[in-house]
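A.B. asks: Can you keep this structure in mind? I'll have questions shortly.
Numbering (my numbering), first residue to last: 16 to 265.
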């Protein structure tokens, strides 16, 4: 009797932490002419706990000469980084092993920069120049499809510039980026605020706080609105009259 386990090495690929790989079937064969002892199997190596047997036709019985059986294995990524383990099969005397490399990857996680932006003051209805916000995936795997929204007290005052949204519908790979250009166009006077929100599943939520101040448009007022200079003899001057010009706008 002898034991042969195939494949002798199986890479389970990259799996997001908290998720599982596809199941892989290993075939154990006894190419000898007599039965083995009772078969058992375990995992060894530094990351043995992250591998599990999902099904087995091998454990608990001898393997007849010329026969085979199967073991179905899955990788469950518990943390990020390179992983390695072994699938070890024995009948108490004979052994066979397969090497199991895999990689755990942190899930997509987005951040937005800058996280705050004060657009300063602008006249009501007059747009400022745009500010570009960069969304970055700091995780080790791709995000889901991103959505972009404006929320808060005055979202209509902070429009995304036409053609300036490169994030809606995008999927960011690890370290990938996209940009959103926003401007401030106040609809009323006073302090205005909103929140730029980007979300992905996976990826999470990233927000930027937006603020600005709306001002009334400039308005000129002259006082007095009329002045009678009275009767003045030819060749003479009237008394001086002072007119005050005032900007009554914001």
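We treat Cβ as the ideally placed atom computed from N, Cα and C, and that holds for glycine.
Are the beta-carbon atoms belonging to residue 227 and residue 172 less than 8 Å from one another?
C.D. replies: Residue 227 sits at position 212 when you count from the first residue of the chain shown. Residue 172 sits at position 157 when you count from the first residue of the chain shown. Yes. Within cutoff.
A.B. asks: If you draw a straight line from the alpha carbon of residue 71 to that of residue 94, how long is it in whole angstroms?
C.D. replies: Mapped onto the chain shown, residue 71 falls at position 56. Mapped onto the chain shown, residue 94 falls at position 79. Between residue 71 and residue 94, the C-alpha separation is close to 26 Å.
A.B. asks: What is the residue span of the beta strand (DSSP E) that residue 164 lies within?
C.D. replies: Start at 1 with the first residue of the chain shown, and residue 164 comes out as number 149. 162-166 is the extent of the beta strand (DSSP E) around residue 164.
A.B. asks: Taking only the alpha-carbon atoms, compute the straight-line gap between residue 154 and residue 98 and give it to the nearest angstrom.
C.D. replies: To locate residue 154, count along the chain shown from 1; it is residue 139. To locate residue 98, count along the chain shown from 1; it is residue 83. When rounded, the distance between both Cα atoms is 18 Å.
A.B. asks: Determine, using beta-carbon pairs with one atom in the stretch 128-148 and one in the stretch 103-115, whether at least three such pairs fall under 8 Å.
C.D. replies: no
A.B. asks: Which residues share a DSSP beta bridge with residue 228?
C.D. replies: Position 213 of the chain shown, counting from 1, holds the residue named residue 228. Answer is 136, 206, bridged to residue 228.
A.B. asks: According to DSSP, is residue 106 helix, strand or coil?
C.D. replies: Taking the first residue of the chain shown as position 1, residue 106 is located at position 91. In this structure, residue 106 counts as coil in the three-state DSSP scheme.
A.B. asks: Does DSSP classify residue 177 as helix, strand or coil?
C.D. replies: Counted from its first residue, the chain shown places residue 177 at position 162. Residue 177: strand per DSSP, three-state reduction.
A.B. asks: If you follow the beta strand (DSSP E) that residue 128 is in, where does it begin and where does it stop?
C.D. replies: Here residue 128 is taken as the residue at index 113 of the chain shown, counted from 1. Start and end: 125-128.
A.B. asks: Would residue 156 be called buried (16 or more neighbouring beta carbons within 10 Å of its own) or exposed?
C.D. replies: Working through the chain shown from its first residue, we reach residue 156 at position 141. Looking at its Cβ environment, which holds 16 or more other Cβ atoms inside 10 Å, residue 156 is buried.
A.B. asks: Cβ of residue 104 within 8 Å of Cβ of residue 20?
C.D. replies: Start at 1 with the first residue of the chain shown, and residue 104 comes out as number 89. Start at 1 with the first residue of the chain shown, and residue 20 comes out as number 5. Yes, they are a contact pair.
A.B. asks: Helix or strand or just coil, what does DSSP make of residue 201?
C.D. replies: Stepping through the chain shown from its first residue, residue 201 is reached at position 186. Residue 201 falls in the coil class under three-state DSSP.
A.B. asks: In this structure, does DSSP put residue 243 in helix, strand or coil?
C.D. replies: Along the chain shown, read from residue 1 onward, the residue named residue 243 stands at position 228. Coil, per DSSP.
A.B. asks: Taking the alpha carbon of residue 223 as the point to measure from, which residue in 255, 44, 128 has its own alpha carbon closest?
C.D. replies: As a position in the chain shown, residue 223 is number 208, starting the count at 1. For the residues 255, 44, 128, the minimum Cα distance to residue 223 belongs to 128.
A.B. asks: Where does residue 117 fall in DSSP's three states?
C.D. replies: Within the chain shown, the letter at position 102 stands for residue 117. Here residue 117 sits in strand by DSSP.
A.B. asks: Answer with buried or exposed for residue 177, where buried requires no fewer than 16 other C-beta atoms within 10 angstroms of its C-beta.
C.D. replies: Residue numbering aside, residue 177 sits at position 162 when the chain shown is read from its first letter. The residue in question, residue 177, is exposed, as its Cβ has fewer than 16 Cβ neighbours within 10 Å.
A.B. asks: Helix, strand or coil: which one does DSSP assign to residue 157?
C.D. replies: Numbered from 1 along the chain shown, position 142 holds the residue referred to as residue 157. In the three-state scheme derived from DSSP, where H, G and I count as helix and E and B as strand, residue 157 is classed as coil.
A.B. asks: Can you list, in chain order, the residues of its chain whose CB lies under 7 Å from that of residue 108, leaving out five sequence neighbours each side?
C.D. replies: The residue labelled residue 108 in the question sits at position 93 within the chain shown. Excluding sequence positions up to five before and after residue 108, its CB lies within less than 7 Å of the CB of 52, all in the same chain and listed in chain order.
A.B. asks: On the criterion of 16 or more Cβ atoms from any shown chain inside 10 Å, does residue 5 qualify as buried, or is it exposed?
C.D. replies: Any answer about residue 5 is impossible in this case: the structure gives the chain only from 16 up to 265.
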